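Taken in order, these protein sequences are the chains called A and B. If you're matching positions, the first sequence starts at 27 in the working numbering and goes up one per residue. If you're matching positions, the second sequence starts at 5 in the working numbering and goes up one per residue.
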Amino acid sequence: MSFKNIKPQTRSTILTYAIVIVAFIAVTVLDAAGFISNSLSGQLVPICAYVCLAVSLNLVVGVSGELSLGHAGFMSVGAFTGVIVAGCLTRLGLESELLLFVASAIVGALAAGVIGFLVGIPVMRLRGDYLAIVTLAFGEIIKNLLNNFYIGVDDAGLHFSMQDTASLGMQQGTILINGPKGAVGIDKVSTFVIGIVLVLITVAIVLNLMHSRDGRAIMAVRDNRIAAESVGINVTKYRLIAFTVASALAGAAGVLYAMNYSTITPSQFDFNQSILILVYVVLGGMGNIWGSIISAAFLTVLPELLRPINDYRMLIYAVVLILVMVVPHLKIYQRAADALRSRFSKATPAVAAEGGEADE
Amino acid sequence: MEVLANLINGMSLGSVYAIIALGYTMVYGIAKMLNFAHGDVIMVGAYICFCAVSYLGIPVIAAVLLSIVGCTVLGIVVERLAYKPLREAPSLNVLITAIGVSYFLQNAALIIMGSDPKSFSSIISLPALQLFDGRLTISATAVLTIAACMIIMVALTLFTGKTKMGKAMRACSEDRDAAQLMGINVNSTISMVFAIGSGLAAIAGVLMCAAYPTLMPTTGSMPGIKAFTAAVLGGIGSIPGAALGGVLLGIIEIFARAYIGTQLADAVVFAVLIVMLLIRPAGLLGKNVSEKV
C-alpha cells in the first residue's frame with residue numbers, strides 16, 4: 027500500500043508522530059555534533075513541556091471549541107503536586123530518577139485532572155466569552171491560593187499551613203512549598219528524552235481521543251451544539267471529558283516543566299503564561315495537533331534566536347504575532363494568494379486535502 | 005468608621021475599574037471582541053501624563069488633556085492597523101491580535117521608559133476632606149475619582165441615548181449588517197468607540213496613578229483584567245452594568261484586603277465573579293439572549 031492510499035486521517039497521525047521523532051533524532055544528532063548552543067539546549071525540556079501544553083489546550087480550544095484562558099493554572103497544580111510527591115519519595119529513600127519522575131507525573135496529572143473536573147462542572151454551564159473569563163478567574167484563584175500554601179515534610183509526614191513556614195511546626199523536615207517563594211530545591215530529573223516521551227504520550231492520548239467515538243461527539247458539539255444535543259449527545263459530558271483530559275495532560279506537562287528547574291514560583295503560572303499557550307494553539311491552527319507542536323517549539327525558540335537584539339526581541343515577537351494574524355486578511359495578500367493559486371492550479375487539490383481536514 | 009473609610013476607598017478603586025470597564029464593554033458591544041490591549045492603553049495614558057508633568061513641566065490639567073488626546077489617537081491607530089483588517093475573521097484571531105498589541109505596547113514602554121518603577125508623585129494637590137471631627141479622612145483623589153466616574157457615566161448614557169452618533173453605536177451593536185443597510189458608516193462608528201474607550205482609559209490611568217503612585221510598563225495589565233472581570237460581572241455590552249460591576253468589584257476587593265488578607269484579595273474577587281456568573285450567567289444587568297435554531 028503506497029503512502030497516498032492511506033486515509034488522510036491516518037496519514038496526518040503518522041505525520042504527527044514522525045515530526046516528533048524526526049525532531050528528536052535531529053536534535054540529538056546536532057547536540058552530539060556540538061551545533062546546539064548552551065542556552066538552546068537548556069530550552070529543550072521547556073519546549074517539550076510547552077508542546078504538551080499546546081497539544082492539550084488544543085483539545086479544549088480547537089477540538090472542543092471552548093476558549094480557555096486558565097491553562098497555566100492546571101499546569102501549576104500539576105507542577106506543585108509533582109514537587110510534593112517527589113519531595114516525599116526522596117525522603118522515603120527512592121533513588122531512581124526515572125521512577126521519581128513517573129510517580130510525580132502520574133500524581134501531578136491526576137491532581138490537575140481532578141481540579142480540572144471540579145472546575146469544569148460549573149464552567150461548562152457557561153458559553154463563549156463568559157466561559158473564557160471564568161477559566162481566567164480560576165487560573166488566577168489557583169495562583170493566589172498557591173501563593174499562600176506552605177507545605178513541608180518530615181518524619182511524621184506532610185505538614186500544611188496557610189500562614190507561614192513557622193506554623194508548620196516542623197523541627198527538621200524539608201520545606202517543599204514556601205508560599206510566594208514557591209518550591210525550592212527541586213530535584214532536576216527532567217531530561218530531553220523524558221520530555222519527548224511525554225510529548226508522544228500526550229499526542230497519542232489526544233489523537234486517540236479525537237479519533238474515537240467520544241472525540242467525534244466532542245467535535246459535533248463544537249460544530250453545532252444544538253444539532254448535537256438533538257441527536258442525543260450529552261453536551262456537558264463531552265465538553266467535560268475534553269476539559270478534564272486537557273487539564274490532566276497540562277498537569278503532567280507542569281511536572282516536566284517544574285523538574286527542569288531547581289525553583290519554581292506560583293507567579294510564573296499566571297495569566298500571561300496561559301495566553302502564551304493559547305497563542306501556540308491559535309498560530310498552529312486550531313484542532314491541528316502537529317500545527318500546535320511546530321508552533322510551540324518554534325515560538326519557544328524564537329525569543330532565544332532573537333537574543334542578539336535582546337532589548338527589542340519581545341517587541342519583534344509582538345509584531346510577528348500581529349502580522350501573522352493580520353496579513354492573511356489583507357486584500358493585497360489575498361489577491362496575491364489567489365494569483366499564485368490559479369498559476370499552480372494543479373497543486374490545489376492536494377493542498378485542499380491537507381488543510382481541509384483540520385478545518386472546522 | 006473604618007467600614008465607612010473602606011467603603012469610600014472601595015468606591016474610589018471601583019470607579020477606576022468602572023471607567024476602564026466602560027471602555028471594555030463599549031468595544032465588546034460594538035466590535036464583539038475582547039480588547040486585551042485596553043489595560044495597556046491605561047499605562048500609556050499614565051506615562052504620557054507623567055512625562056508631560058515631570059519632564060515638560062506642563063500644568064496638570066493640560067497634561068491630563070494631552071494624555072487623553074494621545075490615547076485617543078493611539079486607540080484609533082491601533083484599531084485601523086490591527087483590528088480593522090480582521091473584521092470578518094474568527095474572534096480568536098482578533099483576540100490573539102489584541103494580545104499582540106498588548107505585548108507591543110508593554111515592550112515599547114519598556115524600551116522607551118525603562119523597567120524601573122516611576123514614582124507618580126501625587127498630581128492632585130487638593131487638601132483631604134475631614135469628616136466627623138477628623139475621624140474620617142477622605143483623600144481628594146478619592147473624591148475626584150468617584151466624581152469623574154459619575155460624570156463620565158452620565159455623559160456616556162446621554163451620549164448613547166440622545167445623540168445621532170450614539171444611536172448609530174447602539175444600532176451597530178444590535179445588528180451590524182442592518183445598521184449598514186440603514187446608511188450608518190459602521191467603520192467610522194467602530195473607530196469612534198475605540199477613540200472614546202481609549203480616551204476613558206487615559207483618564208483611568210491618570211486617576212489610578214494618582215491613588216497608587218507607581219508606574220511600570222506592566223501597571224495596566226492587572227487593572228485591565230479586573231476591569232474586564234467587572235464588565236462581565238455587570239453584563240458585558242451594558243454601560244450601566246460596567247459601571248455597577250466596576251464599583252462592586254472595587255468595594256469587594258478593598259473589603260477582602262481589609263478583612264481577609266492582601267494575599268487572598270484577588271482570589272476573593274474572582275471567586276465572587278464565578279459565583280455570580282453561576283447564578284446569573286449573563287451578568288448583573290446583561291440580557292439573557294436565547295439562541296435561535
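All C-beta atoms, glycine included, are put in the ideal place defined by N, C-alpha and C. Predicted, not measured: the structure shown is a model, and the values here were computed from it.
Beta-carbon proximity check, residue i vs residue j, cutoff 8 Å
{"i": "residue 198 of chain B", "j": "residue 80 of chain B", "result": "yes"}
{"i": "residue 199 of chain A", "j": "residue 180 of chain A", "result": "yes"}
{"i": "residue 244 of chain A", "j": "residue 90 of chain A", "result": "yes"}
{"i": "residue 95 of chain B", "j": "residue 171 of chain B", "result": "no"}
{"i": "residue 134 of chain A", "j": "residue 278 of chain A", "result": "yes"}
{"i": "residue 348 of chain A", "j": "residue 187 of chain B", "result": "no"}
{"i": "residue 291 of chain A", "j": "residue 208 of chain A", "result": "yes"}
{"i": "residue 21 of chain B", "j": "residue 221 of chain B", "result": "no"}
{"i": "residue 150 of chain A", "j": "residue 235 of chain A", "result": "no"}
{"i": "residue 45 of chain B", "j": "residue 202 of chain B", "result": "yes"}
{"i": "residue 324 of chain A", "j": "residue 146 of chain A", "result": "no"}
{"i": "residue 306 of chain A", "j": "residue 322 of chain A", "result": "yes"}
{"i": "residue 254 of chain A", "j": "residue 138 of chain A", "result": "no"}
{"i": "residue 242 of chain B", "j": "residue 290 of chain B", "result": "yes"}
{"i": "residue 217 of chain B", "j": "residue 274 of chain B", "result": "no"}
{"i": "residue 340 of chain A", "j": "residue 101 of chain B", "result": "no"}
{"i": "residue 95 of chain A", "j": "residue 161 of chain A", "result": "yes"}
{"i": "residue 318 of chain A", "j": "residue 310 of chain A", "result": "yes"}
{"i": "residue 315 of chain A", "j": "residue 36 of chain A", "result": "no"}
For residue i, three-class secondary structure by DSSP
{"i": "residue 122 of chain B", "result": "strand"}
{"i": "residue 140 of chain B", "result": "strand"}
{"i": "residue 252 of chain B", "result": "helix"}
{"i": "residue 374 of chain A", "result": "The predicted model places residue 374 of chain A with a pLDDT of 48, which falls under 50 and marks its position as unreliable, so this point remains unresolved."}
{"i": "residue 123 of chain A", "result": "helix"}
{"i": "residue 379 of chain A", "result": "Legend: pLDDT at residue 379 of chain A = 43, less than 50; position of this residue unreliable, no value from coordinates given."}
{"i": "residue 80 of chain B", "result": "helix"}
{"i": "residue 218 of chain B", "result": "strand"}
{"i": "residue 290 of chain A", "result": "strand"}
{"i": "residue 170 of chain B", "result": "helix"}
{"i": "residue 72 of chain A", "result": "helix"}
{"i": "residue 62 of chain B", "result": "coil"}
{"i": "residue 289 of chain B", "result": "coil"}
{"i": "residue 87 of chain A", "result": "helix"}
{"i": "residue 257 of chain B", "result": "helix"}
{"i": "residue 92 of chain A", "result": "coil"}
{"i": "residue 263 of chain A", "result": "helix"}
{"i": "residue 368 of chain A", "result": "helix"}
{"i": "residue 242 of chain A", "result": "helix"}
Endpoints, alpha helix (DSSP H) assigned at residue i
{"i": "residue 195 of chain B", "result": "190-215"}
{"i": "residue 97 of chain A", "result": "97-118"}
{"i": "residue 37 of chain A", "result": "34-58"}
{"i": "residue 354 of chain A", "result": "Where residue 354 of chain A is concerned, there is no enclosing alpha helix (DSSP H), given that its DSSP letter is neither H nor E."}
{"i": "residue 65 of chain A", "result": "64-68"}
{"i": "residue 234 of chain A", "result": "218-236"}
{"i": "residue 6 of chain B", "result": "6-35"}
{"i": "residue 381 of chain B", "result": "Since the displayed chain B opens at 5 and closes at 297, residue 381 of chain B lies outside it and no answer follows."}
{"i": "residue 47 of chain B", "result": "42-58"}
{"i": "residue 87 of chain B", "result": "Unbroken run through residue 87 of chain B: none, as it is neither H nor E."}
{"i": "residue 170 of chain A", "result": "154-172"}
{"i": "residue 107 of chain B", "result": "95-117"}
{"i": "residue 313 of chain A", "result": "Here residue 313 of chain A belongs to no alpha helix (DSSP H), and DSSP marks it neither H nor E."}
{"i": "residue 194 of chain A", "result": "No alpha helix (DSSP H) contains residue 194 of chain A, which DSSP labels as neither H nor E."}
{"i": "residue 335 of chain A", "result": "Run containing residue 335 of chain A: none; DSSP gives neither H nor E here."}
{"i": "residue 232 of chain B", "result": "225-238"}
Beta-bridge pairing of residue i - partner residues as DSSP gives them
{"i": "residue 203 of chain A", "result": "A/177 and A/209"}
{"i": "residue 134 of chain B", "result": "B/141"}
The beta strand (DSSP E) enclosing residue i, as first and last residue numbers
{"i": "residue 187 of chain A", "result": "183-187"}
Supposed close pair residue i, residue j - CB separation, criterion 8 Å
{"i": "residue 268 of chain B", "j": "residue 174 of chain A", "result": "6 Å"}
{"i": "residue 101 of chain A", "j": "residue 280 of chain A", "result": "4 Å"}
{"i": "residue 208 of chain B", "j": "residue 23 of chain B", "result": "4 Å"}
{"i": "residue 285 of chain B", "j": "residue 152 of chain A", "result": "6 Å"}
{"i": "residue 70 of chain A", "j": "residue 218 of chain A", "result": "5 Å"}
{"i": "residue 46 of chain A", "j": "residue 252 of chain A", "result": "Actually they do not touch by this definition, with Cβ atoms about 37 Å apart."}
{"i": "residue 178 of chain B", "j": "residue 14 of chain B", "result": "Incorrect: roughly 34 Å between the Cβ atoms, too far for contact."}
{"i": "residue 287 of chain B", "j": "residue 245 of chain B", "result": "6 Å"}
{"i": "residue 40 of chain A", "j": "residue 326 of chain A", "result": "That belief does not hold up - the Cβ atoms of residue 40 of chain A and residue 326 of chain A are roughly 25 Å apart, past 8 Å."}
{"i": "residue 303 of chain A", "j": "residue 131 of chain A", "result": "Between residue 131 of chain A and residue 303 of chain A the Cβ distance is about 18 Å, and since that is not below 8 Å, they are no contact."}
{"i": "residue 167 of chain A", "j": "residue 271 of chain B", "result": "5 Å"}
{"i": "residue 1 of chain B", "j": "residue 47 of chain B", "result": "In this structure chain B extends from 5 to 297, so residue 1 of chain B is not present and cannot be described."}
Residue-level contact to chain D via CB, residue i, 8 Å cutoff
{"i": "residue 338 of chain A", "result": "Reference to chain D is not applicable here, since the protein chains of this structure are A and B."}
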